[in-house]
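So the structure is just underneath, and the comments pick up after that.
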Amino acid sequence: MARSLLLLLGLVVPLLAACGQPQAAAPGPTAEPRPSGTPTAAASTSATAAAVVFRVVPDQSEARYRVREQLANLQFPSDAVGRTKAISGTVAFAADGSIVSSASKLTVDLTTLQSNEQRRDNFIKSNTLEVSRYPTAEFVPREARGLPWPLPASGEATFYLVGDMTIHGTTRPVTWEVTAKFAGDQVTGTATTRFKFGDFKMQVPRVAVVLSVEDNIRLEVDFTFARIAT
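Residues in the sequence shown are numbered consecutively from 863, following the numbering used here.
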């Protein structure tokens, strides 16, 4: 049961919030690790002109939440996974490789989240996410740590995307671990982050048919971005 969370409860956003293997509980929002690669410059907060802009391709992207739960009718715990392709937004870079935050935002429509159980979906949307009040999750990227610049025309890179995520009316800094593949004007890959329900002022789901829910939400985003003319 919920996820943001995703995303994409981000990215999934987006680089929502995504969707894997059982995960251990985490103490809070993902820490901001320091990768070995050379980080790009800190994100710009001014109206810096965007030199490179990428737009998410929704039908080739997906945001997921993943939460470990123990159902009353099952012997072993399993993952509750909710998914959506309702992702939109852009990420803009200045000429020096810094992110132009004023021109960058990823949004996930949480009202479209679906798992393999409609009753779970109804509960998550009504009670946990409260989508009638907070229908979207948003992520504003501010820094890409370890992202090579200029962007390569091909190959793969792993980096950390740091920014502010808003879920359930609460905004907090979040770090995504991103693996991206470059192919000309297109970038594909996966981004993941995790946090606790309380970090975004959400209650851990409690229903009769569920014996327990881990207080650890994993967001996963499978993304495709296409470069657009600036």
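Just so you know, even glycine gets a beta-carbon here, dropped at the ideal spot from N, CA and C.
Taking the straight line between their C-alpha atoms, what separation do you get for ALA956 and GLU1082?
Going by the C-alpha atoms only, they are around 26 Å apart.
State the Cα-Cα distance for the pair GLN932 and GLY951, rounded to the nearest angstrom.
Approximately 35 Å between the Cα atoms of the pair.
Measure the alpha-carbon distance for ALA1015 versus VAL1049 and round it to whole angstroms.
So the two alpha carbons sit approximately 10 Å from each other.
Can you look up ARG982 in the DSSP assignment and give me helix, strand or coil?
Secondary structure at ARG982: helix, using DSSP grouped into helix, strand and coil.
When LYS1063, SER966, ASP971 are compared against HIS1030, the one with the closest alpha-carbon
Among LYS1063, SER966, ASP971, the Cα nearest to that of HIS1030 is on LYS1063.
First and last residue of the beta strand (DSSP E) that includes PHE955?
Under the DSSP assignment, PHE955 falls in the beta strand (DSSP E) whose first and last residues are 949-955.
Who are the near neighbours of ARG917 in its chain, counting only those whose CB is closer than 7 Å to its CB and skipping five residues on each side?
Here ARG917 has THR952, PHE1087, ALA1088, ILE1090 as same chain residues with Cβ atoms under 7 Å from its own Cβ, once five neighbours each way along the sequence are excluded.
Presumed contact (8 Å Cβ cut-off) between LEU972 and VAL993, rounded CB distance
Contact flag correct, Cβ pair sits at about 5 Å.
Would you identify the three-state DSSP class for VAL1084, choosing helix, strand or coil?
Here the sequence assigns Asp to residue 1084, which means Val is not the residue at that position. DSSP, reduced to helix, strand and coil, places ASP1084 within a strand of the structure shown.
In angstroms, rounded to a whole number, what distance separates the CA positions of THR974 and ARG981?
Cα to Cα, the separation comes out at about 14 Å.
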